[in-house]
Amino acid sequence: MLKNILYAVGNLTGILLFTLLCVITFQHYQQTHEFLTFNLIIVDGLILALYFIRHEPKALIEFPFAWFISIIATLLPFLYRPTDNIALPELLSLGYTLQVFGMVAIIGSLLSLRGSMGIVPANRGIKSGGFYRYVRHPLYTSELIFFTGYILSNQSIANGCLLLLLCVLQYCRSKIEENFLLNDQSYHLYMSCTPYRFIPGVL
189 MLKNILYAVG NLTGILLFTL LCVITFQHYQ QTHEFLTFNL IIVDGLILAL
239 YFIRHEPKAL IEFPFAWFIS IIATLLPFLY RPTDNIALPE LLSLGYTLQV
289 FGMVAIIGSL LSLRGSMGIV PANRGIKSGG FYRYVRHPLY TSELIFFTGY
339 ILSNQSIANG CLLLLLCVLQ YCRSKIEENF LLNDQSYHLY MSCTPYRFIP
389 GVL
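Okay, so the sequence shown: first residue is 189 according to this note's numbering, each after it adds one.
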């Protein structure tokens, strides 16, 4: 009963949240034409579409801290701010390249998830195909690549601190998610076949 209530609340909250984010980012893009904002429109729109086709979870985490940290990590990127104060202009081209690469990887990771996409940890079936064949958390890695590129293109102490915080949050999310999914025996098999969490051959 509690799982059904949490699922319904989470589904409705997600649809409302990403609908609102799509509207806000589109309005912001009309004013600024920022590359980051354009990418956020694409990602938010894709996530919103996936909410309408995602599977009902076999199990859904009820740990409040997991919900809190997942929502904070999802909303944190909206605190990044563009800046004209470029201390290291030689890093700008690398920053733009990482943003493009990261955005392609984010879209690929979301399409690999399809109906298993969710903000808080849940078991909607263990995904082992697509980008999930190479690492266990390709979406988190892709986001960090993209925002690293954004920081290199918008160099400020505040943006750098936000990136460090995002790294910590995504690591915590991955640990919480894996501890939860280990209740499913098939996740043990997936971990043995895909030993790396974020970077193939490294981490």
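Virtual Cβ for every residue (Gly too), placed ideally from N, Cα, C. All of these numbers come straight from a predicted model, not from anything done at the bench.
Please determine, among the options, the residue with the shortest C-alpha to C-alpha distance to residue i.
i: N199; options: A237, F223 and Y217; result: A237
i: F368; options: L282, A247 and I241; result: A247
i: Q287; options: V231, Q218 and L353; result: V231
i: G178; options: G318, M291, V292 and M305; result: Outside the displayed span of the chain (189 to 391) sits residue 178, for which this structure offers no information.
i: L208; options: R385, I235 and V308; result: I235
i: L370; options: S297, F386, Y322 and A310; result: A310
Rounding to the nearest angstrom, what Cα-Cα distance links residue i and residue j in this structure?
i: G178; j: L205; result: For the chain, the structure presents residues 189 to 391; residue 178 sits outside this window and is missing.
i: F266; j: L350; result: 10 Å
i: L327; j: N227; result: 15 Å
i: I364; j: I345; result: 29 Å
i: R302; j: L353; result: 27 Å
i: F319; j: L332; result: 15 Å
i: V292; j: L224; result: 13 Å
i: T382; j: S374; result: 12 Å
i: H400; j: P252; result: The first residue shown for the chain is 189 and the last is 391, placing residue 400 beyond what the model contains.
i: G389; j: Q219; result: 42 Å
Between which two residues does the alpha helix (DSSP H) harbouring residue i extend?
i: V292; result: L280 to L301
i: A237; result: F223 to Y239
i: M379; result: Q373 to C381
How many whole angstroms separate the CB atoms of residue i and residue j, which I take to be in contact at a CB cut-off of 8 Å?
i: R242; j: R312; result: 7 Å
i: K315; j: S300; result: 7 Å
i: I294; j: F334; result: 6 Å
i: F214; j: I193; result: Between I193 and F214 the Cβ distance is about 32 Å, and since that is not below 8 Å, they are no contact.
Problem - contact_flag[the segment 339–350, the segment 276–285] where n(CB pairs < 8 Å) is 3 or more - result: Short answer: they touch.
Exercise for the section: Pair every Cβ in the segment 356–371 with every Cβ in the segment 250–269, then say whether three or more of these pairs are closer than 8 Å. Expected result: Put simply, the segment 356–371 touches the segment 250–269. At least three CB pairs are less than 8 Å apart.
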